[in-house]
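Sequence positions in the sequence shown follow the numbering used here and run 72 to 318. Note that the Cβ used here is the ideal one computed from N, Cα and C, for glycine as well. These notes are about the structure you will find just below.
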Amino acid sequence: MGGDEAAAEVAEEVAAGSEASAEPVADESRDVPAGEPVTEEKPAAASGRKRGPIEEITEEDEAAEEAAEKDWYILKVQSNREKSICANLIRRVKMAGLEDYFGEILVPTEDLVEYKNGKKKVTKQKLYPGYIVVHMAINDETWFVVRETGGIGDFTGAGGKPVPMLPHEVDRIVKKTRKPDEGEQEEVKTNIRFKIGDHVRITEGTFENFEGDVEVIDETNGRVTVMINIFGRTTPVEMEHWQMEPV
């Protein structure tokens, strides 16, 4: 083969290679016909219902939930210091910033009516000397504040474990101590120095100087029923408690 013929053959091979490289190459991983434009696929949407953002429980939410779970407890304290110890505990709770975990802190009392020199006087009398009641949520911080307050002994309960008051105890103790709501009648107890079975002498009224035994005591109204002997028959007579004296 001459030099011209060899050169012509090489030129034909180069031209054929150029035409082959110009043809579009099919993507073997996708079954797309040659010559069609390749579009970028978007990821498929996840199956199932659409989910919203996850709600995070903050420390404030947890604190509010815990603070709402309060119960009434009875605390043993030093006698004759109930009022000052109660005030000191309230002050320490505020200093520690634990108001959300505490409700009322009270000295259990009741109103008593006394008559001195014919005059009515209402006084406060402790229901349970040596004890106070507190509405609180128990946790490490509140436990520490209570136990570290001077004059407080311990919670009432078995083995020093705080035991909440029962509903009827709350009604009997707490409601007597609180001021009545608007429209409610305040229950006042009369301080009567007699007890059922005592022998008394009537000092005023129709039956003055009659003697008899106490049969019934009405502390709410301050009246006493005495069984006296009239014409040989035992007769009940209801009188004010201050219209008689012990014999």
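Cα-Cα separation, residue i to residue j
i	j	result
Glu212	Thr194	37 Å
Asp289	Thr306	18 Å
Trp214	Asn280	60 Å
Ala158	Val318	44 Å
Asn210	Thr261	41 Å
Ile301	Glu185	30 Å
Glu240	Asp142	12 Å
Ile58	Asp242	Residue 58 is absent from the structure shown; the chain starts at 72 and stops at 318.
Leu237	Lys246	13 Å
Val234	Thr227	6 Å
Ser155	Ile244	19 Å
Ile223	Val216	10 Å
Member of the options whose CA lies at the smallest distance from the CA of residue i
i	options	result
Leu177	Thr296, Val184, Gly201	Gly201
Glu153	Val271, Val205, Gln314	Val205
Gly303	Gly283, Arg249, Asp225	Gly283
Leu183	Val148, Thr248, Ala167, Ser150	Thr248
Glu275	Trp313, Phe265, Pro238, Ile244	Trp313
Gly174	Thr220, Lys232, Gly224, Glu140	Glu140
Lys266	Arg243, Asp242, Arg294	Arg294
Lys192	Ile263, Gly268, Asp269, Ile299	Ile263
Met207	Ile145, Gly268, His270, Ile223	Ile145
Proximal residues to residue i (C-beta, below 6 Å), its chain only, five neighbours per side dropped
i	result
Thr296	Glu286, Val287, Pro307, Glu309
Arg272	Glu282, Glu316, Val318
Three-way DSSP call (helix, strand, coil) for residue i in this model
i	result
Lys246	helix
Met236	coil
Ala117	For Ala117, the predicted structure reports a pLDDT of 44, less than 50, and the residue's modelled location is therefore unreliable. A value from the coordinates is still provided. In this structure, Ala117 counts as coil in the three-state DSSP scheme.
Thr296	strand
Own chain residues within Cβ distance below 8 Å of residue i, not counting five before or after
i	result
Thr277	none
Glu170	Val164
Residues near residue i by beta carbon distance below 7 Å, same chain, minus five either side
i	result
Ser150	Pro200, Gly201
Open item on the list: What ranges does the alpha helix (DSSP H) occupy inside the stretch 135-184, keeping only unbroken runs of at least 4 residues that lie completely in it?
Closed with: 153-166
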